[in-house]
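Structure, as structure tokens:
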Amino acid sequence: MPSDPTPATRRVELDLRKPRFALYAVRPTVVIGGRGQPAQWGRGTWQVSATEPERIGVYVFNRAWRFGSAVIDLDPGAQASLVYRAPVLPFGRGRLSSAATPLP
1294 MPSDPTPATR
1304 RVELDLRKPR
1314 FALYAVRPTV
1324 VIGGRGQPAQ
1334 WGRGTWQVSA
1344 TEPERIGVYV
1354 FNRAWRFGSA
1364 VIDLDPGAQA
1374 SLVYRAPVLP
1384 FGRGRLSSAA
1394 TPLP
């Protein structure tokens, strides 16, 4: 029976930041490889391919609609630490960038 080689993987750290004065109850969802994964605010790690580029997205859902969508394409050799910032109001786009990139 031939052995199935396990694909090389790596960890991506994602810091999900909620607006400070948000008065609405929302939860972020992380999308990797087209699959949504419920998440919590704060820091977490996700497993992705070490040899293939990955598209990572985040959006926020408040039981009525989704908002705050942001997407980034992560190359295999790229930095594996990202920061997501949700919009202040419950509409509009979020921001997703590498941790080394300063956000205004």
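Residue numbers (this note's numbering): 1294 to 1397.
The beta carbon of each residue, even a glycine, is placed where N, CA and C say it ideally should be.
Because the structure is a prediction, the values reported are computed rather than measured.
How is LEU1396 classed by DSSP in three states: helix, strand or coil?
-> No answer about LEU1396 holds up, because its pLDDT of 47 lies below 50 and its placement is not dependable.
Notebook entry, point to check: Can you list, in chain order, the residues of its chain whose CB lies under 8 angstroms from that of SER1362, leaving out five sequence neighbours each side?
Noted result: GLY1350, VAL1351, TYR1352, ARG1386 and GLY1387
Would PHE1354 pass as a contact of PHE1384 if the rule is Cβ separation under 7 angstroms?
no
For VAL1323, I'd like the list of residues in its chain whose CB is within less than 6 angstroms of its CB, leaving aside the five on either flank, ordered along the chain.
-> GLN1330, ALA1332 and VAL1351
Residues sharing a beta bridge with TRP1339, DSSP:
VAL1305
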